[in-house]
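Chains as they are written, first to last, in UniProt numbering: chain A, 1 to 176; chain B, 1 to 176; chain C, 1 to 176; chain D, 1 to 176. Just so you know, even glycine gets a beta-carbon here, dropped at the ideal spot from N, CA and C. Small disclaimer: the values here were computed from a predicted structure and weren't measured. One structure is given here, and the rest of the page talks about it.
There are 4 protein chains.
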Amino acid sequence: MTLLIISGSSREHSNSEYFAEKAAATYQGEVKWIRLRELTIHQIHDQRHDSNGFDPVDDDHAEVVKAMLDADEVLFVTPLYWYGMSGYMKTFIDRWSQAMRQPELNFKERIAGKPGSLITCGGDQVDLKGLPLILQFKHIFDFTGMDFKKYFIGEARKPGDAEKSNRLNQLEGFFN
Amino acid sequence: MTLLIISGSSREHSNSEYFAEKAAATYQGEVKWIRLRELTIHQIHDQRHDSNGFDPVDDDHAEVVKAMLDADEVLFVTPLYWYGMSGYMKTFIDRWSQAMRQPELNFKERIAGKPGSLITCGGDQVDLKGLPLILQFKHIFDFTGMDFKKYFIGEARKPGDAEKSNRLNQLEGFFN
Amino acid sequence: MTLLIISGSSREHSNSEYFAEKAAATYQGEVKWIRLRELTIHQIHDQRHDSNGFDPVDDDHAEVVKAMLDADEVLFVTPLYWYGMSGYMKTFIDRWSQAMRQPELNFKERIAGKPGSLITCGGDQVDLKGLPLILQFKHIFDFTGMDFKKYFIGEARKPGDAEKSNRLNQLEGFFN
Amino acid sequence: MTLLIISGSSREHSNSEYFAEKAAATYQGEVKWIRLRELTIHQIHDQRHDSNGFDPVDDDHAEVVKAMLDADEVLFVTPLYWYGMSGYMKTFIDRWSQAMRQPELNFKERIAGKPGSLITCGGDQVDLKGLPLILQFKHIFDFTGMDFKKYFIGEARKPGDAEKSNRLNQLEGFFN
């Protein structure tokens with residue numbers, strides 16, 4: 001069994017990733033990480049209705065999608081930037097609209113039913129200001145047919161805050 | 001009086017932009033457009049807590065921010081991609097966290113109180129599935145102190161649908 | 001074809017009901033009204049797990065449910081009180097949990113697939129502050145299997161404001 | 001210091017109340033309970049704009065309001081009925097619009113700044129389906145000027161489930 005963690009954090013050792021590590025420690029199986037900041041992923045060009053469909057894009061997107069489809073379970077990790085997922089994560093997800101139309105990826109069939117979770121982290125009234133992100137991911141999971149298992153909203157302002165968080169006990173048994 | 005329209009559409013002549021044109025036709029003053037797809041804007045690297053702050057980034061972000069701060073009113077236009085703003089728009093807004101820390105931009109003082117509106121467009125149950133985006137922008141406007149005047153959710157599936165929309169009458173007097 | 005309007009307004013000639021009348025004028029068929037304030041409906045006593053189930057309640061609830069199940073289409077009308085439906089409406093809907101367990105009503109089978117709409121009206125930033133209500137009704141419709149066709153959020157502060165509303169054009173063709 | 005717990009549960013020994021007891025055990029001070037099901041509270045009749053204002057209502061509402069205004073802190077407890085607060089709770093809160101206009105209660109001044117929390121409990125995907133309620137209470141707290149300190153969403157289907165909940169550790173230190 002494999003868990004793929006896809007991180008949209010923009011900095012090393014982010015608080016979001018710290019929380020994700022704690023959650024992942026409860027996963028019974030192999031854990032893989034993809035950090036989007038280390039890859040090149042271009043913005044989507046919406047060509048859904050072009051007669052020739054989407055132009056091929058030369059970047060790392062397909063590789064991440066393949067890893068996601070190969071995994072048994074996916075954990076999306078993103079800091080709460082401006083009350084939503086980071087631009088890294090959004091840019092990645094926007095391109096799913098293209099990946100869904102690449103027959104060789106078999107995107108729709110392979111993502112349907114896959115368990116997915118979400119970890120985010122913000123600095124101010126996160127339990128309230130993080131809710132639009134949760135609602136958005138609910139729609140994303142519903143559309144793809146993924147099974148939205150769980151989410152965790154962390155609170156941290158400065159680098160290192162996650163380690164001192166009083167919410168760490170919520171991550172015990174995250175994947176059990 | 002100047003209205004700046006900042007568009008996060010990824011294709012020319014998008015439905016979102018069509019709705020924005022109709023809304024803008026009711027504005028009493030000059031209307032300027034910035035289409036983010038025509039510019040280069042990099043993802044943020046969160047260095048808020050680095051001792052030296054953010055590294056300078058060589059792209060078009062500051063130019064868009066300056067135009068936004070110079071305008072009397074701003075209209076954000078984005079297709080509804082995956083139940084949120086487009087990656088173009090999100091990448092742009094994420095970088096506000098950097099712009100707020102560039103003293104020469106005087107970001108916080110100049111954006112506070114500025115009227116802002118939002119036009120989005122989606123294809124399926126948009127009045128429900130667009131709500132996370134509206135809730136997110138509410139937080140964005142609140143944080144910056146912008147005055148969230150109005151939003152419009154358009155419905156369109158294919159290129160050209162906006163022109164035939166039965167919601168166009170909701171745009172009459174949008175800026176009055 | 002019959003449209004049943006169930007109103008949770010607490011006063012005569014409310015703004016919400018005015019908007020509902022305008023919407024109903026576009027319905028092709030018979031229009032019936034039920035005003036909950038004119039009836040007696042008690043709060044639910046949750047006895048779902050009692051061995052004998054729910055005690056019978058002597059009030060007007062079953063009558064309203066029957067009318068709702070008999071109608072081809074239902075329009076729920078409620079003022080926006082404290083960012084949600086009125087107590088009249090909530091008290092009525094809470095009791096559905098009891099009605100669903102009264103075999104003679106055949107509630108679940110008869111409500112599934114029925115088209116439903118919602119009209120509300122508030123006084124302050126209604127397009128934002130009314131959203132929790134919309135999200136709640138989305139869940140209500142989903143749970144019952146009703147088809148959430150449309151909603152309208154009116155803005156009015158004082159009695160009579162609805163008649164002067166600049167949103168009346170959004171009600172043209174509401175049921176077409 | 002006094003904590004007032006206002007419960008909108010409709011049955012004795014409800015799961016919501018169990019969670020509230022656990023939270024209250026962490027409060028440093030006196031804890032008082034009001035269970036709305038044991039009182040008589042009538043629906044509001046919106047007479048805000050009547051020349052003579054609201055007619056007096058002979059029920060227990062003012063008594064609960066006084067206890068709320070006397071308390072140092074308030075915990076609202078409600079089962080998640082139909083993705084919102086119970087009719088008991090909603091009927092109570094609706095009447096605040098009347099209480100705010102009774103000069104002898106001094107409602108607005110005395111509620112502003114008061115810390116408030118929320119505990120709810122539902123049975124199915126509560127972390128998602130409870131969100132409209134959280135968003136609604138955010139608006140309620142904002143309007144009154146209360147300080148929304150914390151919320152907890154419990155999961156329980158049958159009587160007694162709360163005692164076995166794996167979320168009880170989230171209530172440790174709820175009021176610390």
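May I ask you to list the residues that DSSP assigns as paired with residue i?
{"i": "B/D155", "result": "It should be pointed out that residue 155 of chain B corresponds to Glu in this sequence rather than to Asp. According to DSSP, which records beta bridges pairwise, B/E155 is partnered with B/G122."}
{"i": "C/S7", "result": "C/R35, C/V77"}
{"i": "D/G116", "result": "D/V74, D/F148"}
{"i": "A/T2", "result": "A/E30"}
{"i": "C/G84", "result": "C/Y81"}
Taking its Cβ as the centre, do 16 or more other Cβ atoms sit within 10 Å of residue i, making it buried, or is it exposed?
{"i": "C/T91", "result": "buried"}
{"i": "A/M1", "result": "exposed"}
{"i": "B/T40", "result": "exposed"}
{"i": "D/P132", "result": "buried"}
{"i": "A/S51", "result": "exposed"}
{"i": "C/W164", "result": "Here residue 164 of chain C is Lys; the residue named in the question, Trp, does not match the sequence. Exposed is the call here."}
{"i": "D/G122", "result": "buried"}
{"i": "B/G53", "result": "exposed"}
{"i": "C/G160", "result": "exposed"}
With C-beta atoms as the reference, is residue i less than 9 Å away from residue j?
{"i": "C/S117", "j": "C/K149", "result": "yes"}
{"i": "D/S7", "j": "D/I34", "result": "yes"}
{"i": "B/N176", "j": "C/Q170", "result": "no"}
{"i": "C/L69", "j": "C/K32", "result": "no"}
{"i": "D/A99", "j": "D/V65", "result": "yes"}
{"i": "B/P79", "j": "B/N166", "result": "no"}
{"i": "B/G145", "j": "B/I111", "result": "yes"}
{"i": "A/V57", "j": "A/E17", "result": "no"}
{"i": "A/M72", "j": "A/K108", "result": "One point to set straight first is that residue 72 of chain A is Asp, not Met, in the sequence displayed. Contact: no."}
{"i": "C/I119", "j": "C/Y83", "result": "no"}
{"i": "D/A62", "j": "D/Q102", "result": "yes"}
{"i": "C/F174", "j": "C/T26", "result": "yes"}
{"i": "C/L36", "j": "C/M89", "result": "yes"}
{"i": "A/S10", "j": "B/D46", "result": "yes"}
{"i": "C/A24", "j": "C/L105", "result": "no"}
{"i": "C/R95", "j": "C/H42", "result": "yes"}
{"i": "D/G87", "j": "C/G87", "result": "yes"}
Check whether chain E comes within 9 Å of residue i, counting only Cβ atoms and requiring the distance to be less than that.
{"i": "C/H13", "result": "Here the protein chains are A, B, C and D, and chain E is not one of them."}
Original post:
Does the stretch 144-158 of chain C come within contact of the stretch 135-147 of chain B, defined as at least 3 CB pairs closer than 8 Å?
Top reply: Three or more Cβ pairs closer than 8 Å define a contact, and the stretch 144-158 of chain C falls short of that threshold against the stretch 135-147 of chain B.
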